[in-house]
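So the sequence shown is residues 39 to 455, counted in the working numbering.
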Amino acid sequence: MNPSPTASPVDRRTVISLFSRLRTREGQSRHLPLYAELRDMGEVFAAPWGGHLVTSYNLCDQILRSRQWKALDSQWRATQGNHERWNTPASQQAAKTLPMLNPPHHTKMRQSLGNPFDRKSLGKIKRSIDESVDQLLDGLAEELRQGEADFSSLISEQLPVMSIGRWLGLPSSDYRLLNSLVNDQVLTQELFPSPSQLGLADAATRQLQHYFTELVRERRKAPGDDPVSSWIKTWDTLEPDRELADAAVHSLAFFVLEAALETTTHLLNSMTYLLLKHPRQLEQLRAQPEHIPDAVDEALRYDPPIHLFSRTAPEDVTLAGVRIREGEMVQLMVGAAHHDPRKYTDPEVFDFRRNAPNLGFGSGIHYCLGAPLARLEATSLLTGLMARMPGLRLGSPPSWAPQVTFRRLTSLMVTVS
39 MNPSPTASPV DRRTVISLFS RLRTREGQSR HLPLYAELRD MGEVFAAPWG
89 GHLVTSYNLC DQILRSRQWK ALDSQWRATQ GNHERWNTPA SQQAAKTLPM
139 LNPPHHTKMR QSLGNPFDRK SLGKIKRSID ESVDQLLDGL AEELRQGEAD
189 FSSLISEQLP VMSIGRWLGL PSSDYRLLNS LVNDQVLTQE LFPSPSQLGL
239 ADAATRQLQH YFTELVRERR KAPGDDPVSS WIKTWDTLEP DRELADAAVH
289 SLAFFVLEAA LETTTHLLNS MTYLLLKHPR QLEQLRAQPE HIPDAVDEAL
339 RYDPPIHLFS RTAPEDVTLA GVRIREGEMV QLMVGAAHHD PRKYTDPEVF
389 DFRRNAPNLG FGSGIHYCLG APLARLEATS LLTGLMARMP GLRLGSPPSW
439 APQVTFRRLT SLMVTVS
């Protein structure tokens, strides 16, 4: 079936050029003008590599909330011709994690988790996170005495793995390795993963699979007061086949670690960068600390951890005058949608008082399970920064990885005045 006559064609070379520019150093540091160009092409338009791109906030929100639109599960990936993209070890492992499952598999897996980050649980975790923040800020202060310091490597990459690592009961000696492996593994979810990136993702996947297989085996032999031991008990009641039960626990632990590290690290980096880039707002926030949660939300809107979500059409459907076939993929450009002027007033202005919704943690049944933990870490860090480092300033220009889906700062240099 051909697209509706109301859909304007978009030149494929223009789209490819825009995404090529988006991955450059200049494109990463000034991505908002490129997102404006993307939105100007239409709310929905065909992607040169297949499927469609969605750029408006309302449509991204609608699709993410819908129970009909599907995640890219194992069944969908198996039907795709590009084996090197969709059926590699890393891709197959990603398809087993909670964000890539569809009902009823998603329902069963999600219910087995319960509500691990409810208010009571977060109350217990908060003291540990506050202690970690103090410890990390001590280290940052020491580095700053020597000159510029990299906030990303010293703080943003450390706090998430310390928080989730302690919660899962993992040895602190493993934290550095786990951070590195997760950074490589998520490359399989990039929009245009290169062969070398896919190779890194596969190698990291194999190491993480071995790590969590051993972890589940150890916790089954000697259960403790930790989430993995609890999941084993739960899955033993849900699945009589012990091998399948352990595989489910393995996937849960794998997913929780990956989600906690990649998304929270970016939130901490972007929040800090944006506030240091807007020192007047930082001073206003220091005088009105009750707005700290609003500042975290505005950072999630302005520069979310994940800039692209993917879904497949449940049936033939028309979106904004464009016909999407059943099973076709749509790529939701949430990073661009967060600056949609039809949704936000002055969207390219960072304003911690905005108090507007965002899709930074997704929406619908796939809303990020660890969002409350990430918010707690961000709130604790920002509170500590404002109390202990009033003279913190941006140093040398930051740098980003040449990525589209997971936007990641690779360095955030800071100094003190």
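For glycine and all other residues, C-beta sits at the position ideal for the given N, C-alpha and C.
Contacting residues, own chain, Cβ-Cβ under 8 Å from residue i (five flanking each side not counted)
i    : result
A179 : R426 and M427
R306 : What sits at residue 306 in the sequence shown is Leu, not Arg. The answer, listed in chain order, is I193, S194, L197, P198, E415, A416 and L419.
C406 : A297, T301, F399, G400 and A412
D212 : G203 and Y249
D274 : R280 and A283
L371 : Sequence inspection shows Met at residue 371; the Leu mentioned does not correspond to that position. Closer than 8 Å at Cβ, skipping near neighbours: Y73, L76, L91, V92, T93, C98, H345 and L346.
P327 : T421 and M424
A241 : D222
Close-in-space but distant-in-sequence residues of the same chain around residue i (CB under 7 Å, 5 per side omitted)
i    : result
L246 : L219, Q223 and F292
A132 : M138, T226 and Q227
W87  : none
N393 : D332
R115 : W124, N125, S129 and A133
Y382 : A394
Sequence-distant residues of the same chain with beta carbon closer than 6 Å to residue i, five excluded per side
i    : result
F388 : L312, H316 and Y340
A333 : L323 and F390
T529 : Because residue 529 is not part of the residues shown, which for the chain are 39 to 455, the question remains open.
D284 : V254
S112 : A133
V53  : P86
I330 : T417 and L420
L320 : L313
S437 : T448 and S449
E64  : none
A286 : W273
R61  : P440
Buried versus exposed, by CB contacts within 10 Å (16 or more), residue i
i    : result
T93  : buried
E81  : buried
P141 : exposed
G429 : exposed
P379 : exposed
L216 : buried
H404 : buried
S308 : buried
E336 : buried
S210 : exposed
R349 : buried
L208 : buried
Q173 : exposed
G152 : exposed
G177 : exposed
D188 : buried
L338 : buried
L276 : exposed
P71  : exposed
Distance between beta carbons of residue j and residue i, contact taken as under 8 Å
i    : j    : result
S170 : M147 : At roughly 29 Å, the Cβ-Cβ gap does not stay under 8 Å, so S170 and M147 are not in contact.
S289 : K134 : 5 Å
P127 : T243 : 5 Å
P342 : N396 : 7 Å
P261 : I270 : 7 Å
H532 : R183 : Outside the displayed span of the chain (39 to 455) sits residue 532, for which this structure offers no information.
P435 : L160 : Going by Cβ atoms, the distance from P435 to L160 rounds to 36 Å, so no, they are not a contact pair.
Backbone CA spacing between residue i and residue j [nearest angstrom]
i    : j    : result
N40  : D264 : Because N40 carries a pLDDT of 36, less than 50, the predicted location of this residue cannot be relied on, and the following value inherits that uncertainty. Roughly 54 Å separates the two Cα atoms.
A34  : L229 : The displayed coordinates of the chain run from 39 to 455. Any statement about residue 34 would go beyond what the structure contains.
A109 : E181 : 43 Å
L206 : K259 : 16 Å
L461 : N120 : Missing from the structure shown is residue 461; the chain here goes from 39 to 455 and no further.
I167 : D156 : 16 Å
G89  : T356 : 13 Å
R103 : H345 : 17 Å
D354 : R105 : 15 Å
L175 : D78  : 43 Å
A325 : F57  : 40 Å
Q441 : A239 : 14 Å
L450 : R59  : 22 Å
I362 : A351 : 7 Å
G185 : T453 : 7 Å
M424 : L432 : 15 Å
A439 : D384 : 27 Å
K164 : T310 : 20 Å
H144 : S455 : 50 Å
K158 : G402 : 23 Å
S267 : R257 : 6 Å
Residue-chain proximity (residue i, chain C), Cβ-Cβ < 8 Å
i    : result
L450 : Judged by its chain identifiers, the structure shown contains no chain C, having just a single protein chain.
>> Contact between the region 299 to 318 and the region 213 to 222 is defined here as three or more beta-carbon pairs at a separation below 8 Å; is this criterion met?
In response: yes
> Counting pairs of beta carbons, one from the region 413 to 422 and one from the region 361 to 371, are three or more of them closer than 8 Å?
Replying inline: no
>> Would you call the region 373 to 382 in contact with the region 95 to 105, where contact means no fewer than 3 C-beta pairs closer than 8 Å?
In response: yes
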